[in-house]
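Chains E and H, in that order, give the protein sequences.
Convert by adding 117 to the 1-based position in the first sequence; the result is the number in my numbering.
Convert by adding 117 to the 1-based position in the second sequence; the result is the number in my numbering.
Beta carbons are placed, not taken as given, at the ideal position from N, Cα and C, and that holds for glycine.
Number of protein chains: 2
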Amino acid sequence: MSDIHPEPLTAAAFAPFGDVLDATADFRLINDGMCQRHHDRARLDFAAETDATNRPGISIFKATPRALPYRFDLIERHPEGSQAFIPMSEQPFLVIVAASPQDKPRAFLTNGAQAINLHRGTWHGVCTPLSAPGLFAVVDRIGTSANLEEYRYPQPWVVLAL
Amino acid sequence: MSDIHPEPLTAAAFAPFGDVLDATADFRLINDGMCQRHHDRARLDFAAETDATNRPGISIFKATPRALPYRFDLIERHPEGSQAFIPMSEQPFLVIVAASPQDKPRAFLTNGAQAINLHRGTWHGVCTPLSAPGLFAVVDRIGTSANLEEYRYPQPWVVLAL
């Protein structure tokens with residue numbers, strides 16, 4: 118069975134894979150009450166023990182929008198660090214993750230006001246916006262060692278339309 | 118003279134204060150050519166030498182939208198770390214910075230596809246979206262020591278409408 122039904126992204130469902138970063142949980146008010154600060158929402162994790170050059174950085178990704186149904190056969194993971202995807206638009210995007218290459222992947226759909234942080238080593242699909250502009254700020258590992266493992270499924274998966 | 122004319126945000130004009138993070142400069146193609154990676158665009162800088170607990174983190178800010186003309190009399194800075202503001206919408210926002218409390222502040226207006234990273238210690242105004250949702254991911258210093266200095270001007274400044 119190669120079909121995957123997309124699920125709404127929630128912190129509880131996503132917990133095995135990473136963090137959901139949004140403005141729904143506890144906050145403190147700053148700036149004379151004009152701003153909610155939802156503090157320290159991502160488990161950033163960069164493998165300094167394996168490579169002393171590892172450090173966090175912010176990069177900008179601009180990805181081609183995809184459409185549902187969406188077919189894929191590739192997942193990847195980054196052994197040297199966590200990777201946060203912060204959408205610079207209010208457009209929902211697709212988040213594909215897998216517990217392992219042997220497990221069926223899961224597909225989550227954001228609500229337009231959520232960023233995610235993939236924990237270090239989480240298997241995931243490539244960046245898949247569903248609308249223009251496909252613009253993201255990405256907080257991930259900057260360093261010199263190899264930081265990409267890929268796995269190609271023998272048969273493609275299809276994320277179904279809602 | 119208390120009026121400030123807002124300027125378009127450009128990397129050159131903003132260089133004394135911080136980094137402009139956008140998809141305009143050099144990139145490498147990833148994900149089979151489907152994604153531009155504009156690599157490592159922010160000078161992250163967290164003062165490990167003054168406080169060993171300092172580390173970067175990602176918080177979510179939700180700020181009340183303001184309107185132009187915008188009156189303010191407060192600027193602040195963070196001696197322990199840089200601070201990046203990544204808008205989670207395509208709405209332009211206002212960025213107020215000052216070389217020092219004795220210098221006239223400057224006001225920059227983003228183009229809807231720009232994030233910023235304030236360098237460590239840069240004097241700046243509070244988070245000022247100009248439209249809903251006022252949602253930002255903020256990459257800044259997480260730690261236990263004091264990290265806020267404020268300066269209140271004897272007279273308010275006014276950022277004029279365009």
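Give every residue of the same chain whose Cβ lies closer than 7 Å to the Cβ of E:Q153, excluding the five residues on either side of it in the sequence, and list them in chain order.
Here the question's residue 153 of chain E lines up with position 36 in the first sequence. Excluding residues within five positions, the ones whose Cβ falls inside 7 Å are A140, F144 and L146.
Cβ pair H:T245, H:G135 closer than 7 Å
As a position in the second sequence, residue 245 of chain H is number 128, starting the count at 1. As a position in the second sequence, residue 135 of chain H is number 18, starting the count at 1. No; because the gap between Cβ atoms is not below 7 Å, this pair is not in contact.
Quick one: is E:Q219 buried, meaning 16 or more other Cβ sit within 10 Å of its Cβ, or exposed?
Position 102 of the first sequence, counting from 1, holds the residue named residue 219 of chain E. Exposed, because fewer than 16 other Cβ atoms sit within 10 Å of the Cβ of E:Q219.
Positions along the region 196 to 222 of chain E whose CB lies within less than 8 Å of some CB in chain H
A201, I203, P204, M205, S206 and E207
With 16 as the cutoff for other CB atoms within 10 Å, does H:Q200 come out buried or exposed?
Mapped onto the second sequence, residue 200 of chain H falls at position 83. Buried is the call here.
Using the Cα positions of H:G229 and E:S206, report the straight-line distance between them to the nearest angstrom.
Numbered from 1 along the second sequence, position 112 holds the residue referred to as residue 229 of chain H. Numbered from 1 along the first sequence, position 89 holds the residue referred to as residue 206 of chain E. Between H:G229 and E:S206, the C-alpha separation is close to 9 Å.
Counting contacts by CB-CB distance shorter than 7 Å, is H:I233 in contact with chain E?
Translated into positions along the second sequence, residue 233 of chain H becomes position 116. No, no contact with chain E.
Using Cβ-Cβ distances below 8 Å, what residues of the region 152 to 182 of chain E are close to chain H?
C152, Q153, R154, H155, H156, D157, R158, A159, L161, R172, P173, G174, I175, S176, I177, F178, K179, A180 and T181
Tell me whether H:L211 is buried or exposed, calling it buried when 16 or more other Cβ atoms sit within 10 Å of its Cβ.
By one-based count along the second sequence, residue 211 of chain H stands at place 94. H:L211 is buried by the Cβ-count criterion.
Please list the segments of the beta strand (DSSP E) lying wholly inside the region 218 to 272 of chain E, counting only runs of 3 or more residues, in order along the chain.
223 to 226, 232 to 235 and 252 to 259
Cutoff 7 Å: E:L265 Cβ touching any chain H Cβ
Along the first sequence, read from residue 1 onward, the residue named residue 265 of chain E stands at position 148. No - not a single Cβ of chain H is within 7 Å of the one on E:L265.
Rank H:A128, H:H122 and H:L138 by C-alpha distance to the C-alpha of H:I203 and give the top, closest one.
On the second sequence, residue 203 of chain H is found 86 positions in, with the first residue counted as 1. Closest by alpha carbon: H:L138.
Look at the alpha carbon of H:F163 and the alpha carbon of H:N171, and state the distance between them as a whole number of angstroms.
Stepping through the second sequence from its first residue, residue 163 of chain H is reached at position 46. Stepping through the second sequence from its first residue, residue 171 of chain H is reached at position 54. Taking the straight line from one Cα to the other gives about 6 Å.
Can you look up H:F144 in the DSSP assignment and give me helix, strand or coil?
What you label residue 144 of chain H is simply residue 27 of the second sequence in a count that begins at 1. It is coil, neither helix nor strand.
Would you kindly work out how many angstroms separate the C-alpha atoms of E:H88 and H:S176, rounded to a whole number?
The structure shown has nothing for residue 88 of chain E, since chain E only spans 118 to 279.
For H:A263, count neighbouring C-beta atoms within 10 Å of its own C-beta (all shown protein chains included) and say buried if the count is 16 or more, exposed if not.
On the second sequence, position 146 is the one that residue 263 of chain H refers to. Per the 10 Å Cβ criterion, exposed.
Out of H:R188, H:A278 and H:A215, which has the shortest C-alpha to C-alpha gap to H:Q272?
Within the second sequence, numbered from 1, the residue matching residue 272 of chain H stands at position 155. Residue H:R188 is the option with its Cα nearest to H:Q272.
Which word fits H:L277, buried or exposed, when buried means at least 16 other C-beta atoms lie within 10 angstroms of its C-beta?
Here residue 277 of chain H is taken as the residue at index 160 of the second sequence, counted from 1. Flag for H:L277 reads exposed.
I believe H:A184 touches H:L247 by the beta-carbon criterion, under 8 Å. Please report the beta-carbon distance rounded to the nearest angstrom.
Position 67 of the second sequence, counted from the first residue, corresponds to residue 184 of chain H. Position 130 of the second sequence, counted from the first residue, corresponds to residue 247 of chain H. Contact between H:A184 and H:L247 holds, with the beta-carbon distance rounding to 7 Å and staying under 8 Å.
If the cut is a Cβ gap below 9 Å, which residues of chain H does E:V243 touch?
For this step, residue 243 of chain E is matched to residue 126 along the first sequence. The contacting residues are I147, N148, D149, M151 and C152.
Roughly how many angstroms separate the alpha carbons of E:D257 and E:G174, rounded to a whole number?
One-based indexing of the first sequence puts residue 257 of chain E at position 140. One-based indexing of the first sequence puts residue 174 of chain E at position 57. Using only the alpha carbons, I get a separation of about 6 Å.
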